[in-house]
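In the numbering used here, the protein residues as written are 34 to 250. Beta carbons are placed, not taken as given, at the ideal position from N, Cα and C, and that holds for glycine. Worksheet: one structure, shown below.
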Ligand SMILES: Cc1cc2nc3c(=O)[nH]c(=O)nc-3n(C[C@H](O)[C@H](O)[C@H](O)COP(=O)(O)O)c2cc1C
């Protein structure tokens with residue numbers, strides 16, 4: 034595998050073919066990418082809502098009005114739409130669930146090792162919540178790692194994708210009742226296959242030259 038070839042070939046899909054759907058094995062691989070993304074102190078502050086039904090996609094598309102209307106057809110015509118959400122807080126129950134999962138997954142030789150790992154996570158969570166006051170920003174940073182992994186993985190699988198920040202996140206929270214679930218929408222990703230109306234598929238990629246963005250010391 035040549036990762037540079039994948040990175041330079043992938044393109045944001047601007048128009049999806051509504052007749053083409055992802056097969057279940059591909060969807061499972063993409064779910065694995067989302068779940069296995071790395072995160073600071075393995076905090077996994079995310080939840081992913083995957084809309085594949087007309088009803089689910091319709092609920093999301095209905096929020097894309099006014100200046101975000103241009104993204105609605107992507108949501109409606111994609112095979113699957115992932116709503117990448119963060120938890121509104123990393124509460125004690127979540128931190129305990131993480132430590133218990135790591136224990137079940139065999140990461141601790143002793144109870145003390147579990148305690149040490151848990152305490153480190155409590156330290157960083159408290160730091161961001163109570164001292165730096167940037168819990169939303171911290172959790173959003175983690176979700177963008179998952180987004181990057183999803184976009185690259187989709188390209189590697191030959192799937193077209195469109196990440197979308199052109200959304201009304203609060204309207205999506207309301208439409209999907211996310212606040213009641215302790216969640217907040219950050220960004221969407223539509224997945225599927227380009228249609229012949231996807232103008233971006235025919236355009237050359239454009240990036241600043243390597244010398245402008247990479248320095249070696
Ligand atoms: C976080 C993020 C948000 C984006 N939001 C939108 C969006 O709302 N609508 C859209 O059509 N494209 C969106 N894009 C696509 C970018 O415009 C695109 O990635 C960029 O122009 C580079 O083109 P490429 O992805 O084809 O290489 C977004 C991309 C990222 C990474």
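Assumed close pair residue i, residue j - CB separation to whole angstroms, cut-off 8 Å
i	j	result
residue 108	residue 93	5 Å
residue 205	residue 116	6 Å
residue 251	residue 128	The question about residue 251 has no answer here: the residues shown for the chain are numbered 34 through 250.
residue 101	residue 199	5 Å
residue 172	residue 197	Rounded, the Cβ-Cβ distance is 19 Å, inconsistent with contact.
residue 70	residue 192	With a Cβ gap of about 17 Å, residue 70 and residue 192 do not count as contacting.
residue 168	residue 122	7 Å
residue 132	residue 151	4 Å
Check whether residue i and residue j have beta carbons under 8 Å apart
i	j	result
residue 78	residue 120	yes
residue 76	residue 154	yes
residue 55	residue 112	yes
residue 182	residue 50	no
residue 85	residue 175	no
residue 224	residue 63	yes
residue 201	residue 45	no
residue 59	residue 241	no
residue 82	residue 209	yes
residue 236	residue 118	no
Residue i, buried or exposed, once every other Cβ within 10 Å from all chains shown has been counted against 16
i	result
residue 165	exposed
residue 239	exposed
residue 36	exposed
residue 103	exposed
residue 47	buried
residue 220	buried
residue 217	buried
residue 248	exposed
residue 194	buried
residue 67	buried
residue 87	exposed
residue 231	buried
Proximal residues to residue i (C-beta, below 6 Å), its chain only, five neighbours per side dropped
i	result
residue 188	39 and 43
residue 80	118 and 216
residue 105	94 and 97
residue 90	84, 108, 109 and 114
Own chain partners of residue i with C-beta closer than 8 Å, once the 5 adjacent residues on each side are dropped
i	result
residue 233	44, 45, 46 and 47
Cutoff 7 Å; reference residue i; Cβ partners in own chain excluding five residues on either side
i	result
residue 53	112, 225 and 226
residue 134	none
Proximity test, Cβ basis, 8 Å: residue i and chain D
i	result
residue 182	Absent from the structure is chain D; it holds one protein chain and no more.
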